[in-house]
Amino acid sequence: MFSIDRTDKSILGQWWWSVDRWLLFSLFTLMLAGIILVMAASPAVAERIHLPPFHFVVKHLIFLMMSVFIMLSLSLLKLRNIWRIGLVLLIGSMIMLITTLVFGADIKGSSRWIHLFGFSLQPSEFVKPALAVVGAWLIAKQCNENKFNGLLISTIIYLMVLCLLIKQPDFGMSFVTFSIWATQIFLAGIPFALVCLIIMIGIVAVVIAYMTLPHVHNRIERFLNPSSGDNYQIEKSLDSFNHGGLFGTGPGEGQVKMYLPDAHADFIFAVAGEEFGLILTLLLIALFGFIIVRSMLRAINNKDMFCILAVAGISVQFALQTLIHMGSSLQILPAKGMTLPFISYGGSSLLSMGISMGIVLAMTRKDQDKYVFSNKDTRSLPTVRAVYPFFNK
Amino acid sequence: MARTRIIIILGFLMLGFAIMSWRLTSLSLLLTENNYTSHGKKENNSSSFAYAPRADITDRNGIVLATTLKMPMLYADPTIIPSMEVLNNIALDISQVLPVDKETIAKKLHRSGRFIPLFKGLTPKQQKDINELGYPSLGFRESFRRVYPEQNLVSHILGYTDSDGLGIAGIEKQYEETLTKPSSIALTIDVRLQHILKRELKKSINNFEAIGGSGVIMNVKNGEILAMVSLPDFDPNLPSKAKKIELFNRNTTGVFEMGSTFKLFSIAAALEYGTVKESDKFNVSEPFKFGSHTIKDFHREKKPLKLSEVFSHSSNIGTAQIAEKLGTEKLRKFYKNLGLLNRLELDLPERAYPLLPRKWRDINTITASYGHGMAVTSVHLVRAASAIVNNGILPTPRLLMTPKKKYNPEIRIISAKTSKIMRGFLAKVINDEKGTGKKAFVAGYDMGGKTGTAEKITSKKYDEKLLYSSFLGVFPISEPEYIILVSIDEPKGQKDSYGFATGGWTAAPVIGKVVSEIAPLLGMIPQQQE
């Protein structure tokens with residue numbers, strides 16, 4: 246199909262032979278599945294709110310093309326430029342986050358959206374890959390230069406973003422962001438005792454959120470005690486898996502999308518379960534699993550700490566979003582509005598995923614000239630002990 | 129170090145994926161019991177289930193009186209009607225299939241929007257016909273409609289629902305919550321009895337050119353109402369077409385001066401309090417004077433009457449004498465115990481308060497003793513009379529087979545002995561040669577009864593020509609089980625009734641006919657006559 250010579254030294258030729266084609270193809274397969282599912286789920290939603298039936302499909306395709314373009318462009322970049330873009334994106338999205346707090350449109354109890362050039366953007370989507378890149382760079386830099394306190398700076402940045410997200414309030418995004426940071430400092434080699442402490446802080450944070458934020462309280466209360474409140478969406482979602490059975494009702498033949506307001510976004514997994522059945526849905530889960538394992542394993546083989554941390558952070562973000570989305574539909578986790586990467590309808594989510602995966606593709610390329618931190622053996626982190634003398638005793 | 133730790137993270141994530149896969153598999157293949165699915169118990173209690181139809185109402189034998197049918201609603205999407213010509217064709221075609229006129233439909237099709245409801249509650253045949261028209265701009269939405277298969281028969285008891293399916297009268301309103309939960313309701317009504325009562329009542333109303341009438345059949349022991357008819361009635365399927373007078377439930381909302389049937393209560397009170405004895409005689413040859421009031425009898429008797437004759441000849445003079453002796457305090461207390469002075473107790477929202485004198489003077493006691501000067505509902509009367517014949521125990525009328533509330537078990541009003549004497553009096557009314565209720569006689573069944581003929585008030589005066597004629601029957605009178613009251617409103621005297629329109633002529637024959645037909649249905653074997 247492609248005829249690119251091994252000896253081709255053009256940018257594209259080099260890219261083709263160095264990029265992780267397995268990852269690339271699995272991502273395209275995922276996008277294809279997304280198109281099919283959005284085509285199945287969204288006309289019912291569109292019709293219910295009196296829009297043309299293919300309104301969401303068309304918008305999804307437009308955003309998907311933009312997303313693919315961004316992904317491929319980023320995957321062509323050198324690491325140094327990725328870091329620069331990450332920094333710009335972080336600053337931009339943090340400004341937007343602050344703006345949403347001031348001017349944001351209030352949708353379903355949270356102000357998460359910002360209207361820009363006729364589009365509604367959700368800055369919290371863009372802050373995640375940017376954070377993963379900037380955080381990774383700061384921590385990796387410390388591994389290289391002892392005097393540079395990257396760990397502390399990155400922690401401060403994470404905390405700032407976390408505050409902004411909780412203020413919105415967006416508990417799901419806050420959790421994902423917290424997880425990216427936890428992954429990165431964990432991989433940077435902090436002692437296990439500290440890991441345990443952080444996990445405990447995380448649990449305390451959840452409990453505090455449960456007790457102080459009514460919005461979170463309701464969701465968890467309903468999860469723990471289903472008969473206490475309105476669980477309409479969850480009931481319908483669970484029914485859909487039953488209804489689908491082994492082989493599904495067939496594309497477009499499902500009913501759950503008639504009842505769920507967010508069938509094309511937050512509950513698209515339920516549509517998949519109903520219309521495509523157990524076997525294909527398990528395959529979809531396997532595809533997600535493959536993408537995560539593949540990028541993490543590629544990160545292991547990388548010598549550059551910046552790449553390891555960034556790829557691991559983004560992979561964890563990708564994996565958690567997938568798990569939270571599925572868990573909400575399957576009633577394993579409290580209902581949380583979270584999009585399924587590359588499958589759900591949602592412009593911000595698609596673009597953000599394009600950015601994330603573009604970064605992963607770039608960082609897992611075999612030919613990347615190792616960035617600033619490649620001269621040291623990155624498998625150990627001697628500096629951590631110096632940074633935290635308390636744990637050195 | 130980072131490598132090992134990546135593997136640890138990866139391990140946790142894959143564990144997450146494994147859990148999701150397992151959960152998905154067990155849900156899809158029904159390996160776990162899902163709390164929410166239609167197989168689970170939860171659904172019964174869940175009001176959030178989108179299309180739980182309103183529950184059925186049945187009669188005591190399970191005959192469906194009200195049910196909810198899936199009847200689609202026709203709507204149009206005018207944005208995809210290509211031209212005015214097509215629009216007019218659609219309107220014309222719909223008007224030929226459905227009972228709506230062309231202009232109404234055309235007007236609706238001119239509206240803007242993508243969902244214009246055109247017609248609610250299509251039958252399968254109508255839906256098929258609309259489908260065959262083949263207009264892409266027409267669609268159906270699933271909807272439900274309340275249907276009353278017995279139409280007018282039980283209308284006042286059932287009540288009806290509005291177009292959104294919300295109960296706004298009768299049982300539909302009273303038990304809105306139960307019906308929407310949904311759990312079905314069985315009424316104490318027996319449609320067979322209801323039908324017979326209605327048919328005979330209607331005949332009498334027609335014969336005597338009356339403006340309306342009502343009838344109640346009740347079990348004297350437990351208060352179960354087996355039939356309750358009010359005419360004119362309406363079709364609860366089409367409540368908007370009903371006239372105000374048709375929606376009026378004469379049995380529970382209508383209060384009337386009941387007339388002589390009230391002698392049952394005043395005489396029973398006098399016997400119970402020991403004011404009179406069964407053997408006492410009463411001189412009724414002269415009109416009874418009380419202050420400026422004069423009370424006369426319909427048929428004047430020269431000779432003194434026994435107590436039983438005062439009752440069976442329905443002497444107002446005799447009863448007034450008894451009431452005077454009894455006194456205001458005792459009579460009022462007795463009426464109050466019988467529930468005649470309080471709002472009607474029944475499982476319906478339509479329940480009237482009795483109409484009582486603004487200030488109860490002694491003259492009110494005299495007139496109330498023969499059922500004038502105070503007005504109650506039919507069900508008030510039937511309930512109170514039940515206590516008199518049922519060995520003195522007052523039942524509470526009810527319409528539900530399994531009551532939602534607890535009823536007072538035993539309210540004793542009079543002794544069993546007094547009750548027995550009164551039953552003897554009631555039997556005489558029908559069986560005696562000179563009894564006013566001879567026409568209620570049914571061969572093979574021992575019955576008792578009492579006529580009531582009240583003059584209606586027009587512009588503050590009693591009008592001799594406007595009567596409210598009723599008959600109260602009890603059977604079997606030896607050991608009463610059922611009580612039946614039939615009232616005819618404003619009957620006009622006819623040739624074959626020799627110009628009479630009293631309870632004995634208008635209502636008593638209805639009772640005779642009804643009892644002869646319903647007694648076998650109630651499992652009563654006629655006694656052999658000699």
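So the protein lines, in turn, are chains A and B.
Start counting the first sequence at 246; every next residue gets the next number (this note's numbering).
Start counting the second sequence at 129; every next residue gets the next number (this note's numbering).
We treat Cβ as the ideally placed atom computed from N, Cα and C, and that holds for glycine.
No experiment lies behind these values; they were computed from the predicted model shown.
### Message
Spatial neighbours of Met652(B) within its chain, please: C-beta separation below 6 Å, excluding the five flanking residues on both sides.
### Response
none
### Message
Can you check whether the C-beta of Met541(A) is within less than 8 Å of a C-beta belonging to chain B?
### Response
yes
### Message
Our contact map puts Pro432(B) next to Ile423(B) with C-beta atoms below 8 Å; I'd like the distance itself, whole angstroms only.
### Response
Not really, about 17 Å apart at Cβ, beyond 8 Å.
### Message
I need the straight-line Cα distance from Met199(B) to Glu300(B), nearest angstrom please.
### Response
19 Å
### Query
Roughly how many angstroms separate the alpha carbons of Thr495(B) and Ala448(B), rounded to a whole number?
7 Å
### Query
How long is the line joining the alpha carbons of His295(A) and Arg242(B), rounded to whole angstroms?
7 Å
### Task
Consult DSSP for Gly267(B) and reduce its assignment to one of helix, strand or coil.
strand
### Message
Whole angstroms are fine: how far does the CA of Asp560(B) sit from the CA of Lys567(B)?
### Response
Answer to the nearest angstrom: the Cα atoms are 11 Å apart.
#### Entry: Under 7 Å (Cβ pairs) to chain A, residues found in the region 493-511 of chain B
none
### Task
From the DSSP output, in three-state form, read off Tyr535(B) for me.
Collapsing the DSSP output to three states places Tyr535(B) in coil.
### Task
To the nearest angstrom, report how far apart Ala515(A) and Ser482(A) are at their CA atoms.
5 Å
#### Entry: Segment contact, 8 Å Cβ cut-off, at least three pairs: the region 136-148 of chain B with the region 556-573 of chain A
yes
### Task
Kindly indicate the opening and closing residues of the alpha helix (DSSP H) around Asp257(B).
Pro252 to Leu261
#### Entry: Residue range of the unbroken alpha helix (DSSP H) whose run includes Phe486(A)
That run of the alpha helix (DSSP H) goes Tyr477 to Gly489.
### Query
Does Phe145(B) get closer than 8 Å to chain A when you measure Cβ to Cβ?
yes
### Task
Count the other C-beta atoms from every protein chain shown that fall within 10 angstroms of the C-beta of Thr338(B), then say buried if there are 16 or more, exposed otherwise.
Reading the sequence as shown, one finds Ala at residue 338(B) and not Thr. Buried, since its Cβ has 16 or more Cβ neighbours within 10 Å.
### Query
Hey, is Val303(A) close to the ligand NAP, as in C-beta under 7 Å from one of its heavy atoms?
Absence of the ligand NAP from the depicted structure is noted, as is the absence of any ligand whatsoever, leaving it without description.
### Message
Across the region 448-466 of chain A and the region 486-494 of chain A, are there enough close Cβ pairs to call them in contact, namely three or more that are closer than 8 Å?
### Response
no
### Task
Given a cut-off of 8 Å, decide if Arg471(B) and Arg479(B) are closer than it, judged by their beta-carbon atoms.
yes
### Query
Using the beta-carbon count (16 or more within 10 Å), is Phe273(A) buried or exposed?
exposed
### Message
Just checking: is the beta-carbon of Thr609(A) within a distance shorter than 8 Å of some beta-carbon in chain B?
### Response
no
#### Entry: Where Lys641(B) falls, given that 16 or more other Cβ within 10 Å makes a residue buried
buried
### Message
Can you give me the C-alpha to C-alpha distance between Ser644(B) and Ser506(B), rounded to a whole angstrom?
### Response
In this structure, the straight-line span from the alpha carbon of Ser644(B) to that of Ser506(B) is close to 22 Å.
### Query
Leu554(A) and Ala433(A): beta carbons closer than 8 Å?
yes
### Query
Are the C-beta atoms of Thr308(B) and some chain A residue less than 8 Å apart?
no
#### Entry: Cβ shell of Leu529(A) (< 7 Å), same chain only, five flanking positions each side left out
Ala278 and Ala517
#### Entry: Residues sharing a beta bridge with Arg540(B), DSSP
Ile521(B)
### Message
Looking at chain B, is there any beta carbon in it that lies within less than 8 Å of the beta carbon of Ile446(A)?
### Response
no
### Three-way DSSP call (helix, strand, coil) for Tyr590(B) in this model
Here DSSP, grouped into helix, strand and coil, assigns Tyr590(B) to strand.
### Task
Give me the Cα-Cα distance between Ile313(B) and Lys533(B), rounded to the nearest whole angstrom.
Taking the Cα positions, Ile313(B) is about 14 Å away from Lys533(B).
### Query
When you compare only the Cα positions, how much space is there between Ser388(B) and Arg182(B)?
44 Å
### Query
Which residue's Cα is closest to the Cα of Thr530(B): Ile258(B), Ser413(B) and Thr316(B)?
Thr316(B)
### Message
By DSSP's criteria, Pro245(B) is part of a beta bridge. Which residues make up the other side?
### Response
Tyr203(B), per the DSSP bridge assignment.
### Message
Per DSSP, what are the beta-bridge partners of Val614(B) in this structure?
### Response
Gly343(B) and Phe599(B)
### Message
So, does the region 184-204 of chain B touch the region 245-253 of chain B, judging by three or more C-beta pairs under 8 Å?
### Response
yes
### Task
Taking Ile124(B) as part of the alpha helix (DSSP H), name the residues at either end of that continuous run.
Since the first and last residues shown for chain B are 129 and 658, residue 124(B) lies out of range.
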